[in-house]
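A short worksheet on the structure shown next.
Number of protein chains: 2
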Amino acid sequence: MDENTYCGESNLLDIVLDSIKKISGYLEKECIKELDVEDISRELKLLEPTLTIVLSKWVPEILYLPYLKERMSFNDIKRALNVSSRVLSDKLKTLEKEGIIERTVTDENPPRVHYALTEIGGTFALALVPFLTIVKAKQRSSELPVTNHM
Amino acid sequence: MDENTYCGESNLLDIVLDSIKKISGYLEKECIKELDVEDISRELKLLEPTLTIVLSKWVPEILYLPYLKERMSFNDIKRALNVSSRVLSDKLKTLEKEGIIERTVTDENPPRVHYALTEIGGTFALALVPFLTIVKAKQRSSELPVTNHM
DNA sequence: CTGAATCCTTTATGATACTG
DNA sequence: CAGTATCATAAAGGATTCAG
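In order, the protein sequences belong to chains A and B. Residue 975 in the numbering used here sits at position 55 of the first sequence; the count goes up by one each step and never skips. Residue 1063 in the numbering used here sits at position 143 of the second sequence; the count goes up by one each step and never skips.
Here is the structure:
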């Protein structure tokens, strides 16, 4: 494993798998027995609006851009992702409303606009890493080290 | 915090935040500097097909059902989620093709069909937990303990 | 019960053009 | 540069019906 475009993720994968193991252990011991389908379903319905936003097309890409750069202009993002301005505008507005990114206008002359992840936005991005890592690992090899899934 | 429908997740949140912290620390030290927008963008494009599937409507819900039950019939799922059979059928087929769930037909009389998470599917579900936990924590209170996001 | 087949509506996205 | 407005298309979801 040497063409690590993302970064040395043989190591990242280890961290992620370790996290998953802990979560799995916790869930197994503490609560799974008491859950029922309706609970989870109801629960996920509450999460759905946010899920729909964060996991729609382009949004993961966007999240990992400011993550890199700290702040980017509208056109920087547009060019980096090769997305139409209408779609990008929509997404940015939605993400701003959700408090995931923030838009700042400088009082320079001419004024500049830049976007950056908020703190919660950054946490969101990081919380997605385990999932992205697993997806990637699955794509790389079908035989992924497996945690005990309940 | 006592109406924990999901489960005692003040504790789960701790585990998740700890994981995120480790991931954050790792990324910060090891690689973020060397990344550029095109890399990440290219990378996420590869993940996109899977992301689109797993994060589309109903799929998280589905993932957390067999997660609970180990195996469910078509109609169990249908009733639990209150989803049309066309949509459910589509989703299940796609998930099966992706190796995330598996469909089994028993040779009873009458034959029964049931669905269950595969091992990778279970890992997927667990890998989503951090993200779901963060989303939920965000909804519960705007002031979420924050990791240093780069 | 487990779907497949149809049809219809809604939502998401894309392309293009245009403005302060 | 940072968008908005408009139009067109595609993709996803929902409702209903029917069959083995």
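Even glycine gets a Cβ: it sits at the ideal position worked out from N, Cα and C. Treat the numbers as computed from the prediction; the structure is a model and nothing was measured.
Report task. Give, in chain order, every residue of the region 1033-1064 of chain B whose Cβ lies closer than 8 angstroms to some Cβ of chain A. Result -> L1037, E1039, I1040, G1041, G1042, T1043, F1044, A1045, L1046, A1047, L1048, V1049, P1050, F1051, L1052, T1053, I1054, V1055, K1056, K1058, Q1059, S1062 and L1064
Query raised in the report: Which two residues bound the contiguous beta strand (DSSP E) that contains E1088/B?
Result: Limits of chain B in this structure are 921 at one end and 1070 at the other, which puts residue 1088/B out of reach.
**Report entry** Euclidean distance between Cα positions of V936/B and N1002/A
**Finding:** 33 angstroms
Query raised in the report: Alpha carbon to alpha carbon, what distance is there between V974/A and S993/A?
Result: 20 angstroms
Query raised in the report: Buried or exposed: which applies to E981/A, given that a residue is buried once 16 or more other Cβ atoms fall within 10 Å of its Cβ?
Result: buried
Report task. Specify the secondary structure class of L1037/B as computed by DSSP and reduced to three states. Result -> strand
Query - Buried or exposed (CB count within 10 angstroms, at least 16 for buried), G945/A - result: exposed
**Report entry** Same chain, Cβ closer than 7 angstroms to K998/B, five either side skipped, listed in chain order
**Finding:** Contacts found: S1005 and L1008.
Query raised in the report: When the cut-off is 8 angstroms and only beta carbons count, does L1015/A lie next to chain B?
Result: no
Query raised in the report: Which value, in whole angstroms, describes the spacing of the CA atoms of R1032/B and T1026/B?
Result: Straight through space, the alpha carbons of T1026/B and R1032/B are spaced by roughly 5 angstroms.
Query raised in the report: Using the beta-carbon count (16 or more within 10 Å), is P969/A buried or exposed?
Result: That one is exposed.
Query - Span separating the alpha-carbon of K1013/B from that of H1034/A - result: 43 angstroms
Report task. Could you name the residues of chain A that I935/B contacts, counting a contact when the two beta carbons are closer than 7 angstroms? Result -> Neighbours of I935/B on chain A, chain order: K942, I943 and Y946.
Query raised in the report: For the alpha helix (DSSP H) that contains K1013/A, what are its first and last residues?
Result: Where K1013/A is concerned, the enclosing alpha helix (DSSP H) stretches over S1005 to K1017.
Report task. With a threshold of 16 other CB atoms inside 10 Å of the CB of K965/A, please say whether the residue is buried or exposed. Result -> exposed
Requested in this report: Return the residues of the region 968-982 of chain B that lie within a Cβ-Cβ distance of less than 7 angstroms from chain A, sorted by chain order.
Outcome: Hits within the stretch, in order: T970, L971, L975, P980 and E981.
Query raised in the report: From E1022/B to K977/A, what does the alpha carbon distance come to, in whole angstroms?
Result: Taking the CA atoms as reference points, E1022/B sits about 27 angstroms from K977/A.
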